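Protein chains in written order, with my numbering: chain A, 3 to 271; chain B, -17 to 344.
By construction, the Cβ of each residue, glycine as well, lies at the ideal position given by its N, Cα and C atoms.
All values derive from a computational prediction rather than experimental measurement.
Below: one structure, written as structure tokens.
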């Protein structure tokens, strides 16, 4: 369970506000997609909920406890984060990267090497990267790396005591269509097993497919939040992004690039 | 690294790997013992194996020393044993400090010199040589021969603390700022050292040069407890940083996501490396490239898991330093090469090869 209550986050003390008066709740078993224009505060919201950034006011909580108050290791046994484009400092294999997801469990009761190995193998399988296990991470394509990072997060939450939370920042960005579909199905599966999933997505059709609710962010504030069919309406999106949209949520909702090109006065961000 | 084997990281170790780990440890320690034996037996004043055994037996109170081994016992007891042991501890300390800095900076080409240890220690040591009793007055009289090492230790630690303080804002130490502050403080220390050298007389310049090149020639028993406490112990404590350093391979944010207290780990890594390297410089002068090259060798051979890189660097660093010192006192016998010259002669070309190899990599 992840929750933001009247959340305010500043870039630094005394500097400009990145997130203002935002309240959002992702319950156990729920998938909430976060969308919005560049710079709207999507990644900042995710980082605050992950416990990386301390709110300047309000609360960002995981399982009812402010994320910044959790002992880091215990928090890591409840919530995993998939960031964008992780680069390694030293050469590791894909399996070694996934095994890092077991770090929070070292010294935990019921842990142990065999348990970790099983969790790593299951995560590799589930993220569709078992065949890449022995490959050097640096030699993988962007999409393959992304799937390895997703496997690492799955390994981290393997055996975690529910409720758990998974936060993903544009996880589909470098994936092909088939792997996007695979990832979205995996996220639904995790939610069905009781995980609260918060996922930043740019593709509104993906959001419409995977999310129980969609949160639209604009200039650091929550512009709209609700079921995809209610929130992802072309008129509202046009107002948010400053570019015309056509189609219906979940059925070919697209920015109308041709119309945007024809009206050069649209609000570019 | 080469994909030749699945090296489970971070505890996903099936039982087979534990055995492999045991074999690795046996291999490393065996190599270290061989290096220590070579260091003790070989050199300008050779010692026979029988002499070594007889000396050990006498030291342990097992048997009186036979007449014919008296010379061997003297060589071992007075100079050879403390020298070899100091070399081993120094090598272990420098190599582990290098591995920790590379992990912390997330850069395989990092070196403890980056955080100002060597430059700060050198400035203080040169100040002690040039200004000596004039500046330090009563302290110089009190410390006597220990003036230079104490000054070097304080200088190295002081420069590191200054750099760390400069790079820390609101409890967060920026690694990029740490690097830049290190460059500036290194340059400042270098300039001040240059001023002192300019003011020094000929004898002092010779002392400075000799000290700068590094040597284990002055190793005696009283230095060993100091080395054990300030070089070896920090290196052993740094072995506990393997988990946080493994997580940092992914990045600082990801390490936090994995439950690591990143700032705490950074502070410990910098502090332990600064103590070990400052004390090493204080005891043996500037010995370069061990901290840079040894962790690389371990990574090339056994992968990037810090649970292997850190202890592996300790063992390999110790063995290589003993052998480098053996070469330093054997190659130009009866004269002695500075050991820093030997490590740089071997280490610098290797470093260049690494740069070339990295440059050619995708």
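Within-9 Å CB hit, residue i to chain B
i	result
residue 163(A)	no
residue 270(A)	At residue 270(A), the pLDDT of 49 sits below 50, so the modelled position is not reliable; the number obtained from the coordinates is stated separately. It does not; no Cβ of chain B falls within 9 Å.
residue 108(A)	yes
residue 255(A)	no
residue 264(A)	no
residue 173(A)	no
residue 158(A)	yes
residue 18(A)	no
residue 103(A)	yes
residue 50(A)	no
residue 203(A)	no
residue 77(A)	yes
residue 212(A)	no
The alpha helix (DSSP H) enclosing residue i, as first and last residue numbers
i	result
residue 45(A)	44 to 52
residue 347(B)	Examination of residue 347(B) is not possible in this model, given that chain B is present from -17 through 344 alone.
residue 245(B)	244 to 266
residue 147(A)	144 to 159
residue 190(A)	179 to 194
residue 171(B)	157 to 181
residue 83(A)	Unbroken run through residue 83(A) is the beta strand (DSSP E), 81 to 84; no alpha helix (DSSP H).
residue 147(B)	129 to 148
Spatial neighbours of residue i in its chain, beta-carbon cut-off 8 Å, leaving aside the 5 residues before and after
i	result
residue 196(A)	30, 31, 164, 165, 166
residue 271(A)	Only weak support exists for where residue 271(A) lies, its pLDDT of 45 falling under 50; the value from the coordinates is given anyway. Hits under 8 Å: 39, 40, 41, 243, 244.
residue 359(B)	In this structure chain B extends from -17 to 344, so residue 359(B) is not present and cannot be described.
residue 208(A)	35, 174, 182, 186
Closer than 9 Å to chain A by CB, residue i
i	result
residue 241(B)	yes
residue 281(B)	yes
residue 50(B)	no
residue 80(B)	no
residue 318(B)	no
residue 370(B)	Not covered by the structure: residue 370(B). The range shown for chain B is -17 to 344.
residue 90(B)	yes
residue 229(B)	yes
residue 225(B)	yes
residue 238(B)	yes
residue 232(B)	yes
From the options, residue whose alpha carbon lies closest to that of residue i
i	options	result
residue 132(B)	249(B), 106(B), 37(B), 294(B)	106(B)
residue 22(A)	225(A), 158(A), 231(A), 262(A)	225(A)
residue 352(B)	299(B), 237(B), 34(B), 16(B)	Outside the modelled stretch of chain B, which goes from -17 to 344, sits residue 352(B), for which no answer is possible.
residue 97(A)	213(A), 131(A), 28(A)	131(A)
residue 170(B)	199(B), 228(B), 103(B), 90(B)	103(B)
residue 66(A)	47(A), 49(A), 4(A), 54(A)	4(A)
residue 4(B)	114(B), 90(B), 293(B)	293(B)
residue 335(B)	150(B), 194(B), 91(B)	91(B)
residue 312(B)	19(B), 24(B), 33(B)	24(B)
residue 60(A)	25(A), 75(A), 54(A)	25(A)
residue 213(A)	184(A), 229(A), 107(A), 75(A)	229(A)
residue 240(A)	262(A), 74(A), 160(A)	262(A)
residue 87(A)	148(A), 160(A), 138(A)	148(A)
Sequence-distant residues of its chain with Cβ nearer than 6 Å to residue i (five each side left out)
i	result
residue 117(A)	none
residue 290(B)	284
residue 135(B)	260, 261, 264
residue 13(B)	301
residue 251(B)	82, 86, 223
residue 217(B)	74, 75, 78, 258, 296
Supposed close pair residue i, residue j - CB separation, criterion 8 Å
i	j	result
residue 176(A)	residue 38(A)	With 8 Å as the limit, residue 176(A) and residue 38(A) do not qualify as a contact, their Cβ atoms being about 20 Å apart.
residue 138(B)	residue 210(B)	About 18 Å separates the two Cβ atoms, so there is no contact after all.
residue 110(B)	residue 96(B)	Not really, about 24 Å apart at Cβ, beyond 8 Å.
residue 2(A)	residue 231(B)	In the structure displayed, chain A extends from 3 to 271; residue 2(A) sits before or after that span and is not available.
residue 72(B)	residue 269(B)	7 Å
residue 134(A)	residue 146(A)	6 Å
Boundaries (first-last residue) of the beta strand (DSSP E) holding residue i
i	result
residue 202(B)	Residue 202(B) -> no beta strand (DSSP E), and no H or E assigned at all.
residue 237(A)	Element bounds for residue 237(A): not the beta strand (DSSP E) but the alpha helix (DSSP H), 236 to 243.
residue 271(B)	Counting along the chain, residue 271(B) falls outside any beta strand (DSSP E), and DSSP gives it neither H nor E.
residue 257(A)	253 to 257
residue 171(A)	166 to 171
residue 10(A)	4 to 12
residue 203(A)	Looking at the DSSP string, residue 203(A) is not in any beta strand (DSSP E), and its letter there is neither H nor E.
residue 21(A)	19 to 28
residue 34(A)	33 to 37
Cβ neighbours of residue i in the same chain (closer than 7 Å, five flanking residues each side left out)
i	result
residue 196(B)	266, 267, 268, 269, 320, 321, 322
residue 192(A)	168, 199
residue 214(B)	71, 74, 75
residue 164(B)	96, 97, 98, 145
Within chain C, the residues that residue i reaches when beta carbons sit closer than 8 Å
i	result
residue 74(A)	Structure shown: chain C not included; protein chains present are A and B.
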